[in-house]
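See structure below.
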Amino acid sequence: GAGGASDGAAGVALLREATPLMGRLEGLASSIGAVGLAAALAVLALNSGLHTAQVLAAGGSLWSSASLQAYLSHFTTSLTLLVVAVPEGLPLAVSLALAFSVQRMLADSNLVRHLGSCETMAAATAVCSDKTGTLTENNMAVVKLFMGGVTFN
11 GAGGASDGAA
21 GVALLREATP
31 LMGRLEGLAS
41 SIGAVGLAAA
51 LAVLALNSGL
61 HTAQVLAAGG
71 SLWSSASLQA
81 YLSHFTTSLT
91 LLVVAVPEGL
101 PLAVSLALAF
111 SVQRMLADSN
121 LVRHLGSCET
131 MAAATAVCSD
141 KTGTLTENNM
151 AVVKLFMGGV
161 TFN
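Sequential numbering of the sequence shown, starting at 11, is according to this note's numbering.
Structure (structure tokens):
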């Protein structure tokens with residue numbers, strides 16, 4: 011129906027449907043997160059090591075208030091680096107882009123039931139259909155071709 015409750019449920023189902031592109035992006039996000047974690051740990055170790063060396067060289071205490079505040083600052087910097095490095099919104103952004111492409115295709119009188127179909131159609135350079143305009147078996151063969159006034163069988 012036009013704006014009924016079932017349309018909203020279908021829209022939510024479309025957004026939650028995993029597509030091949032989303033799967034690859036989630037893998038990429040995991041890899042970026044692992045690199046971000048390694049970088050955050052490296053920055054924490056480097057900053058803490060340099061601070062420790064400076065405090066010990068100066069003959070200070072590692073447990074002083076200023077030193078503990080510096081360690082907390084190093085931890086906060088590393089945590090910020092980790093949070094910035096993990097692209098949690100990447101798969102969601104792709105889902106929204108695909109949902110908008112479904113709407114645009116619907117405006118062109120193309121009914122798309124699966125988000126993955128938009129990925130496939132975006133990569134297609136030629137689309138073949140029968141005389142009714144439907145693809146029924148996803149398997150088509152040319153049996154007769156008329157081109158330039160000549161018929162080929």
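Think of the CB as a built atom: it goes at the ideal place given N, C-alpha and C, for glycine as much as any other residue.
Query: DSSP has residue 161 in a bridge; who is on the other side?; Result: 156
Query: I believe residue 33 touches residue 96 by the beta-carbon criterion, under 8 Å. Please report the beta-carbon distance rounded to the nearest angstrom.; Result: Going by Cβ atoms, the distance from residue 33 to residue 96 rounds to 18 Å, so no, they are not a contact pair.
Query: Can you give the Cα-Cα distance for residue 125 and residue 106, rounded to whole angstroms?; Result: 10 Å
Query: So residue 84 and residue 51 are in contact, right, with Cβ under 8 Å, and what is the actual spacing, rounded?; Result: With 8 Å as the limit, residue 84 and residue 51 do not qualify as a contact, their Cβ atoms being about 11 Å apart.
Query: Just mark residue 112 as buried or exposed, buried being the case when its beta carbon has 16 or more other beta carbons within 10 Å.; Result: buried
Query: Report the CB separation of residue 104 from residue 155 in whole angstroms; it is logged as a contact under 8 Å.; Result: That belief does not hold up - the Cβ atoms of residue 104 and residue 155 are roughly 39 Å apart, past 8 Å.
Query: Just to confirm my understanding: we take residue 72, look at its own chain, exclude 5 residues before and 5 after, and list those with CB closer than 8 Å. What are they?; Result: 62, 65, 66
Query: The alpha helix (DSSP H) spanning residue 50 covers which residue range?; Result: 30-68
Query: Less than 8 Å between the beta carbons of residue 102 and residue 128, yes or no?; Result: no
Query: Would DSSP call residue 112 helix, strand or coil?; Result: helix
Query: Sorted by chain position, which residues of the same chain lie with C-beta nearer than 6 Å to residue 88's C-beta, five sequence neighbours on each side aside?; Result: 50, 53, 54
Query: Excluding the 5 residues preceding and the 5 following residue 92 in the sequence, name in chain order all residues of the same chain whose CB lies nearer than 7 Å to its CB.; Result: 46, 47, 50
Query: Just curious, the alpha helix (DSSP H) that residue 91 is in, first and last residue?; Result: 75-95
Query: For the ligand MG, I want to know if residue 117 counts as a neighbour, meaning its beta carbon is within less than 7 Å of at least one of the ligand's heavy atoms.; Result: This structure lacks the ligand MG, and indeed carries no ligand of any kind.
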